[in-house]
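Colleague:
Protein chains: 2
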Amino acid sequence: MGDPSARHPRHNKAEVFAQLRYAHAREVTEDYVEMIADLIEEEGEARSVALAERFGVTAATVNNTIKRLERDGFVTSRPYRSIFLTDQGKELAEKCRKRHEIVYNFLIALGVDPAIAEFDAEGIEHHVSEETLAAFSKFSGN
Amino acid sequence: MGDPSARHPRHNKAEVFAQLRYAHAREVTEDYVEMIADLIEEEGEARSVALAERFGVTAATVNNTIKRLERDGFVTSRPYRSIFLTDQGKELAEKCRKRHEIVYNFLIALGVDPAIAEFDAEGIEHHVSEETLAAFSKFSGN
DNA sequence: TTTTAAAGTTAGTCAAGGCTAAATTGATTT
DNA sequence: AAATCAATTTAGCCTTGACTAACTTTAAAA
C-alpha cells in the first residue's frame, strides 16, 4: 500500500481541528477585549461587575479571566480598580469590532432577521478567515 | 430610572453568551458523531486510533471523549471494540452532515476558495441558526 | 465618623478536554 | 504456543472556565 501518510490524503484534517481548538481559546479573549472596549466607550470605564453582568457569569469568573488576559498582555488592572486595555488589547478589540460589523451587515444583507443576525454573528465572527471576511464584505457592498 | 432590567435594553447579552458557552460544549460532540459516521461509511467501522489520527489528539483523549459521548447517549462502545452511533447519535450526525454541506456550498457560491471554505465551514457550522442556514441554502440555490 | 452596602478578591470545587506514561488486551507472526 | 506488536485503557497531571462561599476593600449613608 506504500506510504501510509498518502493513504488518506482527503482526511488529513488533524491540522484543521488543531487550529479550531486554538481558535476557541482565542474566542473568550476576543469577547472580553471587545466588551471592555465597549464599556470604556459607553460608560467611561470597564468594571468587573459590568463584565460579569453582560457575560452572565460571576465576578469570580471575571476575575480569573482578567488575570489570564493580563498575563497574556491584553489588559492591565490593579486591585479594586477598573480594567484597561493595553495597545495589544486595543488593537485586537478594534479588529474584532470591524469583523463583527462585517459579519452582522453581511447577514442582514442576506435577509436574516436583525436579532438572529446579532446572535449568529457573535458565534460566527470568531471562525471567519480573512478571505471569507473579504467575500462577506464584498457581498454586502462594504 | 424604573425597572433596572430595562435600563440597558441593548446590552442584555448575557443570554447570548450563555448560549454560546453551551454551544461550545456541543461542538466536540458534533465533530465526533460526524467523524464516527464518516469512518463507519468509509472504513466499515470507527476505531479509536482512526479518530485520534483524524482529530490530531492522543488515544487517551479519544477514550475520555467517547466515555462522555456514551454517557450522553450518542454512542455505544465495549472495551477494545469499535464505536457505534446510537439512533440519537445517527440523527445528530446526519443533521451535522447536511448543515456542513450547506455552509460549505454557500461559501463556494460566495466565491471562497475550496480549501478555505472547507476550513471555515468547520468552524462556522456550529454557530449557524436554522434561519441563517435557510438563508445560506436559498442563496446557493439549495 | 462609624456603619453599611457594593465591588472585588481569594480559596476551594468541578467538568471538559488536552497531555504523558504505564498497563492491559487482542491479533498476528514465528 | 509463545512472542511480539498494535490498539486500547487507566492513572495522574494540566489549563480553561465555570461555580459557591467567605473575606477584604472601597465608597456612600447615616
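Protein sequence lines, in the order shown, are assigned to chains C and A. full-length UniProt numbering numbers the first residue of the first sequence as 1 and each following residue consecutively. full-length UniProt numbering numbers the first residue of the second sequence as 1 and each following residue consecutively. Note that beta-carbon positions come from the ideal geometry of N, C-alpha and C, so glycine has one too.
Just to confirm the assignment: which complete beta strand (DSSP E) runs, minimum length 3, are found wholly within the region 77-106 of chain A?
Modeller: If we require 3 residues or more, the beta strand (DSSP E) runs fully inside the region 77-106 of chain A come out as 83-85.
Colleague: Which residue or residues does DSSP assign as beta-bridge partners of V33 (chain A)?
Modeller: DSSP, once it has assigned bridges, lists no residue as partnering V33 (chain A).
Colleague: Is there a Cβ of chain A sitting closer than 7 Å to that of F106 (chain C), yes or no?
Modeller: Taking Cβ atoms only, chain A never reaches closer than 7 Å to F106 (chain C), which makes this a no.
Colleague: Figure out for me which residue from A:A25, A:I83, A:A115, A:E101 has the closest Cα to the Cα of V49 (chain A).
Modeller: The residue with the shortest Cα to Cα distance from V49 (chain A) is A:I83.
Colleague: Assign D87 (chain C) to one of two classes, buried (16 or more other C-beta atoms within 10 Å of its C-beta) or exposed (fewer than that).
Modeller: D87 (chain C) is exposed by the Cβ-count criterion.
Colleague: Over what stretch of residues does the alpha helix (DSSP H) that includes G123 (chain C) continue unbroken?
Modeller: Where G123 (chain C) is concerned, the enclosing alpha helix (DSSP H) stretches over 114-124.
Colleague: Per DSSP, what kind of secondary structure is V57 (chain C) in: helix, strand or coil?
Modeller: Of the three classes helix, strand and coil, the one that applies to V57 (chain C) here is coil, per DSSP.
Colleague: A59 (chain A): which of A:Y80, A:E101, A:I102, A:K95 sits nearest, CA to CA?
Modeller: Among A:Y80, A:E101, A:I102, A:K95, the Cα nearest to that of A59 (chain A) is on A:Y80.
Colleague: I need the DSSP call for V128 (chain C), collapsed to helix, strand or coil.
Modeller: Residue state, collapsed to three classes: coil.
Colleague: Check this for me: beta carbons of F139 (chain C) and F17 (chain A), under 7 Å apart or not?
Modeller: Cβ atoms of F139 (chain C) and F17 (chain A): not closer than 7 Å.
Colleague: Excluding five sequence neighbours on each side, which residues of the same chain lie with their C-beta closer than 7 Å to the C-beta of F106 (chain A)?
Modeller: F136, F139, S140.
Colleague: Cutting at 8 Å between CB atoms, please list the residues of its own chain near E69 (chain A), excluding the five before and the five after it.
Modeller: As written in the sequence, residue 69 (chain A) is Leu, which differs from the Glu given in the question. Closer than 8 Å at the Cβ level, and outside the excluded window around L69 (chain A), lie T29, Y32, V33, V75, G89.
Colleague: Do G123 (chain A) and L20 (chain C) come within 7 Å of each other at the CB atom, strictly closer than that value?
Modeller: Taking 7 Å as the Cβ cut-off, L20 (chain C) and G123 (chain A) qualify as a contacting pair.
Colleague: Expressed to the nearest angstrom, what Euclidean distance is found between the alpha-carbon atoms of E118 (chain A) and R78 (chain C)?
Modeller: Near 44 Å, if we compare the C-alpha coordinates of R78 (chain C) and E118 (chain A).
Colleague: Measuring CB to CB, does I116 (chain A) end up less than 7 Å from E15 (chain C)?
Modeller: No. Outside cutoff.
Colleague: So, is the C-beta of T132 (chain A) closer than 7 Å to a C-beta in chain C?
Modeller: By this cut-off, T132 (chain A) is an interface position.
Colleague: When you compare the CB of L20 (chain C) with every CB in chain A, is at least one pair closer than 7 Å?
Modeller: Closer than 7 Å: yes.
Colleague: Counting only beta-carbon separations shorter than 7 Å, does H127 (chain C) have a partner in chain A?
Modeller: So yes, H127 (chain C) belongs to the interface.
Colleague: Quick check on P114 (chain A): buried or exposed, where buried means 16 or more other Cβ atoms within 10 Å of its Cβ?
Modeller: Exposed: under 16 other Cβ atoms inside 10 Å.
Colleague: Under 7 Å between the Cβ atoms of A134 (chain A) and H100 (chain A)?
Modeller: No, the Cβ-Cβ distance between A134 (chain A) and H100 (chain A) is not below 7 Å.
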